[in-house]
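As structure tokens, the structure follows; a few thoughts come after it.
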Ligand SMILES: [Zn+2]
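Residue numbers (the numbering used here): 157 to 362.
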């Protein structure tokens, strides 16, 4: 968990190649940065695919790509690639950035109370992409996060998270910069939760 005292310091940490990033601001006083990460098997598959593509380029240059042959190789080597990755400390399951925030809430709360001396009253979340929805291709699956069962998609997870437990007394605003895949971006206001596209009047530090 990356923690900073200003948005100017936290925002550059949000950008990480191939991930969706999130900055959680509690009362504009503490900033927590989270990223999405792929599952162990996804990482093994992507790495293997890239290695096969590289071999193809080195051995066969610009000869036409033999997809069937490479696919066969991919399937033959995949168990080996997975076994290699399983020996690392990598988490078996993937996480969307929102899920990592939910999972780490107790640590976040502990940090905030220690530094500020009281529980947070409001939160702003800055995402580079809109939370995934059930209409997206691969929304985050139903998952147990911090001993609690959450439904499919980060949109629904955030709704449940913000309307339960010690989050209920707080005001939550989730800002995103771009829509996710082709799904229409969210614009909702339910109880203490607002999800909207980052309005132009909020200047982000560059
Ligand atoms: Zn998601």
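Even glycine gets a Cβ: it sits at the ideal position worked out from N, Cα and C. Remember, predicted model here, so these are calculated numbers, not experimental data.
Does the beta-carbon of residue i have 16 or more other beta-carbons within 10 angstroms, so that it is buried, or is it exposed?
| i | result |
| --- | --- |
| residue 210 | exposed |
| residue 245 | exposed |
| residue 239 | exposed |
| residue 292 | buried |
| residue 187 | buried |
| residue 301 | buried |
| residue 264 | buried |
| residue 167 | buried |
Straight-line CA distance for residue i to residue j?
| i | j | result |
| --- | --- | --- |
| residue 173 | residue 199 | 14 Å |
| residue 349 | residue 175 | 25 Å |
| residue 165 | residue 232 | 45 Å |
| residue 237 | residue 201 | 7 Å |
| residue 223 | residue 303 | 44 Å |
| residue 343 | residue 287 | 11 Å |
| residue 336 | residue 189 | 19 Å |
For the beta strand (DSSP E) holding residue i, just list the boundary residues, first then last.
| i | result |
| --- | --- |
| residue 330 | 327 to 334 |
| residue 352 | 349 to 353 |
| residue 189 | 186 to 191 |
| residue 338 | Note, residue 338: premise wrong, no beta strand (DSSP E); not H, not E. |
| residue 160 | 158 to 160 |
Only counting the same chain, and skipping five residues up and downstream in sequence, which positions put a Cβ closer than 7 Å to that of residue i?
| i | result |
| --- | --- |
| residue 270 | none |
| residue 316 | 306, 307 |
Mind checking which residues open and close the alpha helix (DSSP H) that includes residue i?
| i | result |
| --- | --- |
| residue 164 | 163 to 170 |
| residue 265 | 261 to 272 |
Just to confirm my understanding: we take residue i, look at its own chain, exclude 5 residues before and 5 after, and list those with CB closer than 8 Å. What are they?
| i | result |
| --- | --- |
| residue 319 | 346, 347, 348, 349 |
Please determine whether the Cβ atom of residue i lies at a distance below 6 Å from any heavy atom of ligand 3.
| i | result |
| --- | --- |
| residue 286 | Ligand 3 is not part of the structure shown, which contains ligand 1 as its ligands. |
Starting from the C-beta of residue i, find all residues in its chain whose C-beta is less than 6 Å away, skip the five residues before and the five after it, and write them out in chain order.
| i | result |
| --- | --- |
| residue 283 | 178, 332 |
| residue 334 | 285 |
My guess is that residue i and residue j are in contact by the Cβ rule of under 8 Å, so how many angstroms apart are they, rounded?
| i | j | result |
| --- | --- | --- |
| residue 329 | residue 267 | In fact, because the Cβ distance is near 20 Å, the residues do not count as touching under 8 Å. |
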